[in-house]
Structure formats: C-alpha cells, structure tokens
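Trainee: Count along the sequence shown from 1, then add 439; that gives the number in the working numbering.
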Amino acid sequence: MAIRINYEDDIFLLQTMIKTTRAAVQLDVDGELFRDKIIEDLMFIHTTVQKLFRGLHENRKLLRRTEYLRSIMLAKSALIEVLEICLDSSSPLYAHLASYTARLRACRAEHHEDIDDIRTVLQHGDGDEPDDEDVVSQEEFLSLLQQDEDESAQD
440 MAIRINYEDD IFLLQTMIKT TRAAVQLDVD GELFRDKIIE DLMFIHTTVQ KLFRGLHENR
500 KLLRRTEYLR SIMLAKSALI EVLEICLDSS SPLYAHLASY TARLRACRAE HHEDIDDIRT
560 VLQHGDGDEP DDEDVVSQEE FLSLLQQDED ESAQD
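1. Can you tell me whether residue 515 is helix, strand or coil according to DSSP?
2. What is the C-beta distance between residue 521 and residue 461, in whole angstroms, given that I count them as a contact (C-beta under 8 Å)?
3. Give the DSSP-derived three-state secondary structure of residue 449 in the structure shown.
4. State the Cα-Cα distance for the pair residue 564 and residue 510, rounded to the nearest angstrom.
5. With H, G and I counted as helix, E and B as strand and the rest as coil, what does DSSP make of residue 468?
6. Determine the closest residue to residue 512 out of 491, 469, 479, with distance taken between C-alpha atoms.
7. Go through the segment 528-567 residue by residue and report every complete run of the alpha helix (DSSP H) that reaches 4 residues or more, in order.
8. Roughly how many whole angstroms lie between the Cα atoms of residue 525 and residue 536?
9. Quick check on residue 515: buried or exposed, where buried means 16 or more other Cβ atoms within 10 Å of its Cβ?
10. What's the gap between the Cα of residue 534 and the Cα of residue 501?
11. Look at the alpha carbon of residue 464 and the alpha carbon of residue 519, and state the distance between them as a whole number of angstroms.
12. Taking the C-alpha atoms as reference points, what is the distance between residue 527 and residue 486?
13. Report all residues from its chain with a CB closer than 8 Å to the CB of residue 484; omit the five preceding and five following residues, and keep chain order.
14. Would you mind sorting residue 543 into buried or exposed? The rule is 16 or more other CB atoms within 10 Å of its CB.
15. Whose CA, out of 507, 443, 450, 489, lies closest to the CA of residue 552?
16. Do residue 446 and residue 539 have their C-beta atoms closer together than 8 Å?
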C-alpha cells in the first residue's frame, strides 16, 4: 500500500516545532528537568526532517518538489541554528547537554551536507525534472475537454 505524504503540512508542523524548541533552548530553565525532553524533541525533528528530505530526494517526479525542497532547506537551516545554540558554551542548557554534544554536532553536519545537496539540485536540477513541454496546463486541459464534448455533441 502506497503511503501518501502531505509534505506541506508535515513541513509546516516541523517548522513550528523547531521554533518552539528554539525558544525552549534559549530559556534559563532547569536543565535537569528539561534535558531529556529537549533531546527527545531535537532527535524527533532531526529524524523526521531526514525522512521527508529522503522522500523528496528520491521522488524526482513529485509535483511541487522544488517548493518542498526549499521548505525543507529552510527547516534544516532553522534546526542548525537551534543545534548551534545548544552547542554554544554560553547557552543556559550547555552544561546539561554536554553528554550529547557529539550527537548534536553529527546532526548539524548532516544537515549542512543536505543543504548543500538541495542548493545543487535547485541551481542545476537533477536531470529527472519533468519537462515543462510535457505538462498540460489547466487551460489546455479544459480546452481539450471542451473539444471532446463538442465532438460528442455533434455525433
């Protein structure tokens, strides 16, 4: 059974979660109470954005793919900013997240690489984009249907 992914809503929710997590890591909260939840949220966001990116990367024929890739790139950039806050030694939670720094750095590096890949695809294409000549516009489609209806009415 094929799984239908609603990229627009999924990416919107991820972007909202990233903003909320960014606000959380900037607060001077009790790190002992919130460390596990913040790490859990960061890892969930990381894993989910990676799944969406991989799906877009593999599905070159998807309509609005370029738009979704741009949105994923923005989400990845925002996530990198959150990770950098967590890795900054002046961050309120830095001491509590110290045992996760290697993992957070690896995530950050992965997102940087993906952003470079997305930029390359957006600038140069990846060779499998549908040709504009092969796409039928809505006006052309309606015209074809109208012609078909006119021929049927004449019979």
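Even glycine gets a Cβ: it sits at the ideal position worked out from N, Cα and C.
Mentor: Reading off the structure:
1. What you label residue 515 is simply residue 76 of the sequence shown in a count that begins at 1. Residue 515 sits in a helix when the DSSP states are folded into three classes.
2. Residue 521 sits at position 82 when you count from the first residue of the sequence shown. Residue 461 sits at position 22 when you count from the first residue of the sequence shown. Contact between residue 521 and residue 461 is confirmed by a C-beta separation of about 5 Å, below the 8 Å threshold.
3. For the purposes of this step, residue 449 is identified with residue 10 of the sequence shown, where counting begins at 1. Here residue 449 sits in helix by DSSP.
4. The sequence position of residue 564 within the sequence shown is 125, counting from 1. The sequence position of residue 510 within the sequence shown is 71, counting from 1. The straight-line gap from Cα to Cα measures roughly 16 Å.
5. Residue numbering aside, residue 468 sits at position 29 when the sequence shown is read from its first letter. Reduced to three states, the DSSP call for residue 468 is coil.
6. The residue you call residue 512 lines up with position 73 of the sequence shown. Out of 491, 469, 479, 491 has the C-alpha closest to the C-alpha of residue 512.
7. Within the segment 528-567, the complete alpha helix (DSSP H) runs of at least 4 residues are 533-536, 540-563.
8. Along the sequence shown, one-based indexing puts residue 525 at 86. Along the sequence shown, one-based indexing puts residue 536 at 97. Going by the C-alpha atoms only, they are around 7 Å apart.
9. Within the sequence shown, the letter at position 76 stands for residue 515. Buried, since its Cβ has 16 or more Cβ neighbours within 10 Å.
10. Working through the sequence shown from its first residue, we reach residue 534 at position 95. Working through the sequence shown from its first residue, we reach residue 501 at position 62. Inter-residue distance for residue 534 and residue 501 is about 43 Å (C-alpha atoms, whole angstroms).
11. Taking the first residue of the sequence shown as position 1, residue 464 is located at position 25. Taking the first residue of the sequence shown as position 1, residue 519 is located at position 80. Each residue's alpha carbon lies about 13 Å from the other.
12. Here residue 527 refers to the residue found at position 88 when the sequence shown is read from its first residue. Here residue 486 refers to the residue found at position 47 when the sequence shown is read from its first residue. If you take the alpha carbons of residue 527 and residue 486, they lie about 22 Å apart.
13. In the sequence shown, residue 484 corresponds to position 45, counting from 1. Here the set comprises 453, 456, 457, 460, 518.
14. For the purposes of this step, residue 543 is identified with residue 104 of the sequence shown, where counting begins at 1. Buried, by the Cβ-count rule.
15. Within the sequence shown, residue 552 is the residue found at index 113, counting from 1. The shortest Cα separation from residue 552 among 507, 443, 450, 489 belongs to 489.
16. The count along the sequence shown starts at 1 and reaches residue 446 at position 7. The count along the sequence shown starts at 1 and reaches residue 539 at position 100. No, the Cβ-Cβ distance between residue 446 and residue 539 is not below 8 Å.
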